[in-house]
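Asker: Numbers 1470 to 1913, taken from the working numbering, label the letters of the sequence shown in order.
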Amino acid sequence: MYTFSNRLKIASIILMIVGALGIVGGFVMAPGSIEEAKEMVASHDDGHGASHAVEASHGGTTNEHAVAEGHGEEHDASHDQHLLDQLKNRPWAALYVAAFFFMMISLGVLAFYAIQRAAQAGWSPLLFRVMEGITAYLVPGGIIVFVILLLSVLDMNHLFIWMDADVVAHDALLQGKSGYLNPTFFLIRAAIFLAGWIGYREYSRKLSLAQDESDDNSNFKLNFRISAAFLVFYLISESIMSWDWIMSVEPHWFSTLFGWYIFASMFVSGITVIAMVTIYLKSKGLLPDVNDSHIHDLAKFMFGISVFWTYLWFSQFMLIWYSNIPEEVTYYVTRISDYKLPFFGMIAMNFLFPVLLLMNSDYKRISWFVVLTGIVILGGHYMDIFNAIMPSTVGDQWFIGIPEIGSVLFFAGLFIFWVFRALATAPLQPKRNPFIEESKHFHY
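This is the structure:
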């Protein structure tokens, strides 16, 4: 049975403390007035040249690029207020991106786990406890994301422009969507989704542990049935969640592929973390029956879903870019003009690196190589969520600084602490799964 080492526990706590200081620092450094916002932009421009100063003077989120220029003093005042809102949004957006990213990982693992259960896969039962440990983070991670959404509804930030009644009052498009995009219904949907995901995770975990002590396969069969039912709920809820929690930060834009796109990102991120945690535990002398064929299969999924993500990304981008419809293409124009490095860097990290590093079948069996690729994949998909949220919330006033790094460190520490604490609560190897012997002898 795994024991949560003091060294790992202390390291995760240190990450949380340092991250929390960065998060607090981000909020403290945020401007409190228009004058402070102007000073911050001016000081930033002094260090980055006049070209960025021109960009900043015309900066805005994608939602604001549609506003015509040249309205005299009224426009200047409006622009100054937008600038203040963008800079005040930055620590909130950094917090939200990191919170969603780590919650997304556990949700992706939960989907993979349910698929293995519903498919009655014979190769993966040795990894079930690892998956159950990672999905334990869904409880604190989901609650934190819900709290951020609740604070958005309570007007503590401006992440979701459609929550601003004054904006909606002057926007016919948002008025037409108000039956769906309204704060009460938004929170009800979020609560239903989280309750369904967490409820399945807890009940499936309970049945998994009960199967070890049972003298028949009734718990295994029930787990099979609820997993199949959960996948239907998951496919619906994940798509709607992606519309609500990510796409609606830019409510004038939509994509019918978006649900699948976010699914691919969370799925490959989750599988990557399964591989990395499994390799770590095996390096500590645990999971002795896990062999390089298991690692190879996980790496194959990392490779295949990375290609799948790229297919969805290109399908969405190419159709919108080629059709060049103003209200659609502005989504990518903003990102290419203001977010060149994270936008194109994300593509390289999420497609080129996994394909080049994992194309060779032999490399998929080398643990350190899989971990190296996994780090790149996770960094790339963090940038994916960063690119989805930041342009619509902070415009061109973005930077990878204290709020962003602090948020990642805090949630990484919390994730490590919660996952490895959960792994220490039960034996790492199931005893009475009907396919456990097949999993032990999985070789090819």
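Backbone N, C-alpha and C fix where the C-beta goes; we use that ideal spot for every residue, glycine too.
What is the rounded straight-line gap between the Cα of residue 1838 and the Cα of residue 1496?
Answerer: In the sequence shown, counting from the first residue as 1, residue 1838 sits at position 369. In the sequence shown, counting from the first residue as 1, residue 1496 sits at position 27. Roughly 38 Å between the two C-alpha positions.
Asker: Is the CB-CB distance between residue 1735 and residue 1576 below 8 Å?
Answerer: The count along the sequence shown starts at 1 and reaches residue 1735 at position 266. The count along the sequence shown starts at 1 and reaches residue 1576 at position 107. Yes, these two residues count as a Cβ contact at 8 Å.
Asker: Specify the secondary structure class of residue 1688 as computed by DSSP and reduced to three states.
Answerer: Counting from one through the sequence shown, the residue named residue 1688 turns up at place 219. Three-state result, residue 1688: helix.
Asker: To the nearest angstrom, how far is the alpha carbon of residue 1812 from that of residue 1582?
Answerer: In the sequence shown, counting from the first residue as 1, residue 1812 sits at position 343. In the sequence shown, counting from the first residue as 1, residue 1582 sits at position 113. The alpha-carbon atoms of residue 1812 and residue 1582 are separated by roughly 31 Å.
Asker: Can you tell me the Cβ-Cβ gap for residue 1472 and residue 1893, rounded? I've got them flagged as a contact below 8 Å.
Answerer: For the purposes of this step, residue 1472 is identified with residue 3 of the sequence shown, where counting begins at 1. For the purposes of this step, residue 1893 is identified with residue 424 of the sequence shown, where counting begins at 1. The Cβ separation is near 6 Å, so the contact holds.
Asker: Going straight from the alpha carbon of residue 1714 to that of residue 1565, what length do you get?
Answerer: Within the sequence shown, numbered from 1, the residue matching residue 1714 stands at position 245. Within the sequence shown, numbered from 1, the residue matching residue 1565 stands at position 96. Each residue's alpha carbon lies about 10 Å from the other.
Asker: Let me know the secondary structure DSSP gives residue 1772 once reduced to three states.
Answerer: For this step, residue 1772 is matched to residue 303 along the sequence shown. Of the three classes helix, strand and coil, the one that applies to residue 1772 here is helix, per DSSP.
Asker: To the nearest whole angstrom, what separates the beta carbons of residue 1763 and residue 1595, a pair I think is in contact under 8 Å?
Answerer: Your numbering for residue 1763 matches position 294 in the sequence shown. Your numbering for residue 1595 matches position 126 in the sequence shown. Going by Cβ atoms, the distance from residue 1763 to residue 1595 rounds to 7 Å, so yes, they are a contact pair.
Asker: Going residue by residue through the region 1864-1903, where are the continuous beta strand (DSSP E) segments of at least 3 residues, counting only ones entirely within it?
Answerer: Entirely contained in the region 1864-1903, not one beta strand (DSSP E) run reaches 3 residues.
Asker: Can you look up residue 1833 in the DSSP assignment and give me helix, strand or coil?
Answerer: For the purposes of this step, residue 1833 is identified with residue 364 of the sequence shown, where counting begins at 1. The answer is helix: DSSP assigns residue 1833 an H, G or I state.
Asker: Using alpha carbons as the reference points, say which of 1629, 1726, 1703 lies closest to residue 1665.
Answerer: Here residue 1665 refers to the residue found at position 196 of the sequence shown. The candidate whose alpha carbon is nearest that of residue 1665 is 1703.
Asker: Should the region 1556-1572 be regarded as contacting the region 1875-1887, the criterion being three or more beta carbon pairs within less than 8 Å?
Answerer: Contact between the region 1556-1572 and the region 1875-1887 is present, because at least three Cβ pairs lie under 8 Å.
Asker: For residue 1557, which of helix, strand or coil comes out of DSSP?
Answerer: Within the sequence shown, residue 1557 is the residue found at index 88, counting from 1. If DSSP states are grouped into helix, strand and coil, residue 1557 belongs with the helices.
Asker: Does the region 1723-1738 come close enough to the region 1684-1698 that 3 or more CB-CB pairs lie under 8 Å?
Answerer: No: the two stretches stay apart, fewer than three of their Cβ pairs being nearer than 8 Å.
Asker: Straight-line CA distance for residue 1855 to residue 1748?
Answerer: Reading the sequence shown from its first residue, position 386 is the one you call residue 1855. Reading the sequence shown from its first residue, position 279 is the one you call residue 1748. Using only the alpha carbons, I get a separation of about 28 Å.
Asker: Would you list, in sequence order, the uninterrupted alpha helix (DSSP H) runs of no fewer than 4 residues that lie entirely inside the region 1739-1821?
Answerer: The qualifying runs are 1761-1792, 1795-1807, 1809-1816.
Asker: Do residue 1800 and residue 1906 have their beta-carbon atoms positioned less than 8 Å apart in this structure?
Answerer: Residue 1906 sits at position 437 when you count from the first residue of the sequence shown. Residue 1800 sits at position 331 when you count from the first residue of the sequence shown. For residue 1906 and residue 1800, no; Cβs fall outside 8 Å.
Asker: If we ignore side chains and look at the alpha-carbon of each, how far apart do residue 1682 and residue 1828 end up?
Answerer: Sequence index remark: in the sequence shown, residue 1682 carries index 213 (1-based). Sequence index remark: in the sequence shown, residue 1828 carries index 359 (1-based). Distance between the alpha carbons of residue 1682 and residue 1828: 42 Å.
Asker: Consult DSSP for residue 1671 and reduce its assignment to one of helix, strand or coil.
Answerer: Looking up residue 1671 in the sequence shown gives position 202. In the structure shown, residue 1671 sits in a helix (DSSP, three-state: H, G or I).
Asker: Between residue 1857 and residue 1598, which are expected to be in contact by the criterion C-beta below 8 Å, what is the C-beta distance as a whole number of angstroms?
Answerer: Within the sequence shown, the letter at position 388 stands for residue 1857. Within the sequence shown, the letter at position 129 stands for residue 1598. Wrong, their Cβ atoms sit about 32 Å apart, outside the cutoff.
Asker: Taking the alpha-carbon positions, what's the residue 1590 to residue 1902 distance?
Answerer: By 1-based counting over the sequence shown, the position of residue 1590 is 121. By 1-based counting over the sequence shown, the position of residue 1902 is 433. Approximately 11 Å between the Cα atoms of the pair.
Asker: Below 8 Å on the Cβ atoms is my contact criterion, and I expect residue 1721 with residue 1642 to pass it. Report the Cβ-Cβ distance as a whole number of Å.
Answerer: Working through the sequence shown from its first residue, we reach residue 1721 at position 252. Working through the sequence shown from its first residue, we reach residue 1642 at position 173. Correct: roughly 6 Å between the Cβ atoms.
Asker: Are the CB atoms of residue 1611 and residue 1663 within a distance shorter than 8 Å?
Answerer: Here residue 1663 corresponds to residue number 194 of the sequence shown, with the count starting at 1. Here residue 1611 corresponds to residue number 142 of the sequence shown, with the count starting at 1. Yes, they are a contact pair.
Asker: Report buried or exposed for residue 1826, applying the criterion of at least 16 other Cβ atoms within 10 angstroms of its Cβ.
Answerer: Here residue 1826 corresponds to residue number 357 of the sequence shown, with the count starting at 1. Result: buried.
Asker: Just to confirm the assignment, what range does the alpha helix (DSSP H) spanning residue 1626 have?
Answerer: In the sequence shown, the residue the question calls residue 1626 occupies position 157. No alpha helix (DSSP H) holds residue 1626; DSSP gives it neither H nor E.
Asker: Could you tell me the alpha carbon to alpha carbon distance between residue 1888 and residue 1601, rounded to whole angstroms?
Answerer: In the sequence shown, the residue the question calls residue 1888 occupies position 419. In the sequence shown, the residue the question calls residue 1601 occupies position 132. Those two C-alpha atoms are separated by around 9 Å.
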